[in-house]
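In the numbering used here, the protein residues as written are 33 to 136. Worksheet: one structure, shown below.
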Ligand code: FES
């Protein structure tokens, strides 16, 4: 069992669960703006599911390494397995790469 903190929500999940799937299953608005309808559905190619993650998660997959090479503090939620209690923060912009944090 692991807990994901998103804003003031605490979402339980199993260790090894996919972060994107857990967030979407719990109605967390992971995508900003047009990315809500234009995204790669978890293939790791569009980059629009990028979030800041604090806590134990899986290593970066190859698609994620290629997509986030310049974004050391962001992870692609669709490529992340939750390995323990974590905190997730979403930033502004289509790709979630802005500095300002958005409420999700
Ligand atoms: S949903 Fe496209 S990279 Fe994650």
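For every residue, glycine included, the Cβ atom is placed at its ideal position computed from N, Cα and C.
Distance, residue j Cα to residue i Cα
| i | j | result |
| --- | --- | --- |
| residue 133 | residue 125 | 10 Å |
| residue 65 | residue 59 | 16 Å |
| residue 85 | residue 71 | 20 Å |
| residue 40 | residue 104 | 25 Å |
Outcome for residue i when other beta-carbon atoms lying within 10 angstroms are tallied against a minimum of 16
| i | result |
| --- | --- |
| residue 96 | buried |
| residue 36 | buried |
Residue range of the alpha helix (DSSP H) that includes residue i
| i | result |
| --- | --- |
| residue 97 | 94 to 99 |
Residue i: first and last residue of the uninterrupted beta strand (DSSP E) it sits in
| i | result |
| --- | --- |
| residue 121 | 118 to 123 |
Legend entry - Runs of beta strand (DSSP E) lying entirely within the stretch 38 to 86, each at least 3 residues, in chain order: Taking only runs of at least 3 residues, the beta strand (DSSP E) segments lying wholly in the stretch 38 to 86 are 41 to 45 and 82 to 86.
Inset, instruction - Quick one: residues with CB closer than 7 Å to any heavy atom of the ligand FES, in chain order, please. - result: My final list is 52, 71, 72, 73, 74, 75, 76, 77, 78, 79, 80, 81, 99, 108, 109, 110 and 111.
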